[in-house]
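Taking it in order: structure first as structure tokens, then the write-up.
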Amino acid sequence: MEVSDVPAVPEWLPGHLDADGVESLYPPQAAAVEAGVTEGESLVASIPTASGKTLIATLAMLSAVKRGGKALYIVPLRALASEKKAEFEQFEQYGVDVGVSTGNYDSDGEWLAKKDIIVATSEKVDSLVRNGAPWLAQLDCVVADEVHLVDDPTRGPTLEVTLAKLRSRNPGLQIVALSATIGNAGELADWLDAELVDSSWRPIDLRKGVHFGQALHFDDGTQEQLSVQGNEKPTAAIVRDTLRDTVEDGETVEEGGSTLVFVNSRRNAEAAARRLANVVSPELDGDELAALADVADEIRDVSDTETSDDLADAVEKGAAFHHAGLSPDHRELVEAAFRDRLVKCVCATPTLAAGVNTPSRRVVVRDWRRYSGDAGGMQPLSVLEVHQMMGRAGRPGMDPYGEALLLASSHDELDELFERYVWADPDPVESKLAAEPAMRTHLLATVASGFADSRETLLSFLDGTLYAAQTDEQGRLERVVDDMLAYLERNDFIERSRDGDTERLTATNLGHTVSRLYLDPMSAATIIDGIADADDPSALGLYHLVSRTPDMYQLYLRSGEREQYTQVAYDHETELLGTQPSEFEESRFEDWLAALKTAKLLDDWASETDEDRITDRYGVGPGDIRGKVDTAEWLLGAAESLAGERGFGNVQAIREAKKRVQYGVRQELIDLADVRNVGRKRARRLYEAGIESRDQLRNADKSVVLAALRGRERTAETVLEHAGHPNPEMTDVTPDPDAEPVVATDTSGSSESAEENDQSSLGDF
DNA sequence: GATGTAAATATTTAGACAGCATGTC
DNA sequence: CTAAATATTTACATC
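Heads up, the final residue of the first sequence is numbered 765 in full-length UniProt numbering, and it's a clean run with no missing numbers.
Have a look at this one:
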């Protein structure tokens, strides 16, 4: 089908796509159009990665916009939200407005109401529904990207409930659900009353195979010999093989390409990158090495940690690792260098399989089992997960085909891998809505936002979910609902009242607050219990409290740390809030200690401890600090609201603890750090120079400020301007030598990087 | 006694959404 | 109820 034959899309679209080199539709796209996506028909598209899902969504959304409507694009990751926004902004020249809404990057409220296309995470949409964003009523088309995630035990129910709510509020709504290839796409289509496009068609061929011995065995029955040097590992041999040009009759028929290696732990990723760097580097030319050295320098500038150094060392040699312990800057640098074909080999944990688009000539799924605490050992990855990783092979328009390989160490394993992953039918997707944590959260939200006002209406609302469509065990749902309603009532989140014959459910004020704050009710109960009797809680106590909440993911206690933190608990006994579980309650006590470890990390951060000391002390990456700090900030904000709601007298203490994590400063710097452009480092220097508050900064001697900020005029000017100084101008001001910072931190480095390190990398968001 | 290497033993283990109020060089 | 790769320590040989 030609683009010009697609009905109901804007007139300018065929021309625009033509200029992009798109003339005709891929078969699944054509099928979607025939099913009526551009005419408001709902659709479930279960098709492989990179087979043109985005265009299907685009056609649907633009046709809705053309009819004067509004479209919402739901993504699972914040990183994807910005990627999609950038992609849709190409249509702004035709008057299509695009907006984004996620937790940290928000263009909220009124402003979104004017946009034609809005990109948001599923949690954000859920939150908007709860808080009754008026523009939701104007939606005509909702795209749900990566719908197979309804299978996810923690985040799946949110997507499921959100879709159900949007549909029940707006019956004519068009839903376009995009999914990886799954086993039960038909079931999803039935649930959403949608047409179905279920196809395994791909624009570029994907050859799946298994490596065994010295050969690659492919799914088309062919084999390829691999030249192995010495006793090198299979992954090394594959990476080198991928890198070399394929030469036939003295002519290069195919240029060398890059490899993406998936492993099962961060440490493995780093170790593999270190080893493979030595395989890649001999194959690089001078230009490439120079460009890589530049990237390595940028990486070192991001933060002064071991992770940063190790990553830069690998990148210098053309390899890299990628996992969630990296700071967002690190991740982006690695992704960009890999896309630019500068870095030839990236060793990654699953972050890269689900995240932004980073295709590669070859993909190696090195580890197909992963440790799982509750399963008590190594568990095989799901078919879907492995397929998602494999799907990263082959760059559209650049490679003739992609190759994805698993590694076998025995003949039996070779057979098993073919059986389990290469030939395997995709797994079906199953709703996890009946899990208790999901239920207590969504039941409260459903009652609080007025979707249901009784047990009956609640159950009938739940009837519109995928869970109801899938289960034949009717009693289970009712049982969980009753349990969770009892829990919510016990904790004063909902109330039951009699209205004639029927029992009515209403959310209490507290319940409304909890739902609005987007807290797990159990987190709210924990927090309230902890702060209720704490007149003057310490920062550490509050950090521990929010770290114990189910909304904070746990750090892991390493060997010897059990004793260490038991001692810490003893030392700070009086500060810790709530009741301490008995030491004999094995797992509860361990969780409590793990939360204490998290609390200490936050406390260190809020005591101006250096980033590299924290990463070292707690065995975490820079990205983990960011994550913890972020979550703590949110939960303390929630705690502040809850304390206000309950009329507790400790609101101020909570706010201060929040500001301290937020800025990473001690008590005395909060006021200074509140000034824009002043982070933990600058605030400390100003303080040392005798400027101890915002007021003092406003009226400060300019030469003192300039010296404290290490003679950087531009910085000093902006800082003074934001502090409200009457005349921030720095011309002819000379730094006061008495006010210069005494710390001998590297003045040797380039001024650029010194300046970047000056403001902590966690400062801006 | 310093150094190097192999073998035994110990340790560790993926990912990531959200409130609110305002605006980064 | 299930593992495996890497890190660390120890044992031992060599200079």
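Virtual Cβ for every residue (Gly too), placed ideally from N, Cα, C.
Item	Value
Using alpha carbons as the reference points, say which of Gly21, Val6 and Val3 lies closest to glycine 397.	Gly21
Scan the segment 467-491 and note each continuous alpha helix (DSSP H) run of 4 residues or more that stays entirely inside, going in chain order.	474-490
For isoleucine 47, collect the residues of the same chain with a Cβ closer than 6 Å to its Cβ; drop the 5 residues on either side in sequence, then sort them by chain order.	Pro28 and Ser199
Between alanine 337 and the rest of its own chain, which residues show a CB-CB distance below 8 Å, the 5 nearest in sequence each way excluded?	Leu292, Val295, Val315, Ala320 and Val343
Among the residues of its own chain, which have a CB less than 6 Å from the CB of arginine 588, if the five just before and after it don't count?	Pro581
Name the one or two DSSP bridge partners that methionine 378 has.	Tyr371
Please return the same chain residues whose Cβ sits closer than 8 Å to the Cβ of valine 568, not counting the five positions on each side in sequence.	Leu596 and Lys600
Counting only the same chain and skipping the five closest in sequence on each side, list residues whose C-beta sits under 7 Å from that of tyrosine 94.	Pro10 and Trp12
How many angstroms separate the CA atom of aspartate 610 from the CA atom of aspartate 301?	15 Å
Counting C-beta neighbours from all protein chains within 10 Å, is the total for glycine 530 16 or more, i.e. buried, or is it exposed?	buried
Where does valine 629 sit, in a helix, a strand or coil, going by DSSP?	helix
Using the beta-carbon count (16 or more within 10 Å), is tyrosine 553 buried or exposed?	exposed
Have a look at Val665, Glu692 and Asp340 and flag the residue whose alpha-carbon is nearest the alpha-carbon of lysine 681.	Val665
Indicate the three-state DSSP secondary structure (helix, strand or coil) for serine 308 in the structure shown.	helix
What is the C-beta distance between isoleucine 204 and tyrosine 421, in whole angstroms, given that I count them as a contact (C-beta under 8 Å)?	Their Cβ separation, rounded to whole angstroms, is 20 Å, which puts isoleucine 204 and tyrosine 421 out of contact at 8 Å.
State whether the segment 154-174 contacts the segment 107-122, with contact taken as three or more CB pairs (one from each stretch) at a distance under 8 Å.	yes
With 16 other CB atoms within 10 Å as the buried threshold, where does residue 808 fall?	Because residue 808 is not part of the residues shown, which for the chain are 1 to 765, the question remains open.
What runs of the alpha helix (DSSP H), each 4 residues or longer, lie entirely inside the segment 154-228?	156-169 and 185-191
Might you give, ordered along the chain, the residues of its own chain that have their beta carbon closer than 6 Å to the beta carbon of glycine 541, omitting 5 neighbours on each side?	Glu575, Leu576 and Leu577
Determine the contact status of valine 197 and alanine 32, defining contact as a CB-CB distance below 8 Å.	yes
Excluding the 5 residues preceding and the 5 following alanine 723 in the sequence, name in chain order all residues of the same chain whose CB lies nearer than 7 Å to its CB.	Val675, Arg694, Leu697 and Arg698
Could you name the residues of the same chain whose beta carbon sits closer than 6 Å to that of aspartate 97, not counting the 5 residues immediately before and after it, in chain order?	Lys115 and Asp116
Any chance the segment 215-228 sits against the segment 258-269, with 3 or more Cβ pairs inside 8 Å?	no
Looking only at its own chain, which residues have a Cβ that is under 6 Å from the Cβ of alanine 739, when we skip the five neighbours before and after it?	Ala689, Val704, Ala707 and Ala708
Rank Asp140, Ala79 and Met1 by C-alpha distance to the C-alpha of glutamate 41 and give the top, closest one.	Asp140
Kindly indicate which residue of Gly394, Gly209 and Lys317 has the alpha-carbon position closest to the one of leucine 289.	Lys317
Quick check: the Cα distance between leucine 672 and glutamine 564, rounded to an integer number of angstroms?	35 Å
From valine 228 to methionine 390, what distance separates their C-alpha atoms?	23 Å
Looking at C-alpha atoms only, which residue of Leu276, Arg362 and Val142 is the closest neighbour of valine 44?	Val142
Could you tell me which residues DSSP pairs with aspartate 20 in its beta bridges?	Beta-bridge pairing links aspartate 20 to no other residue.
Below 8 Å between beta carbons: does that hold for threonine 351 and histidine 322?	yes
Taking buried to mean at least 16 other C-beta atoms within 10 Å of its own C-beta, is histidine 411 buried or exposed?	exposed
Report the residue from Glu254, Arg490, Glu583 and Ala237 whose alpha carbon sits nearest the alpha carbon of aspartate 245.	Glu254
Excluding the 5 residues preceding and the 5 following aspartate 612 in the sequence, name in chain order all residues of the same chain whose CB lies nearer than 6 Å to its CB.	Asp304 and Thr305
By how many angstroms is the C-alpha of threonine 441 removed from the C-alpha of glutamate 489?	13 Å
What distance in whole Å lies between the Cβ atoms of alanine 486 and valine 447, which are believed to be in contact at a cut-off of 8 Å?	The pair is not a contact, with the Cβ atoms about 14 Å apart (cut-off 8 Å).
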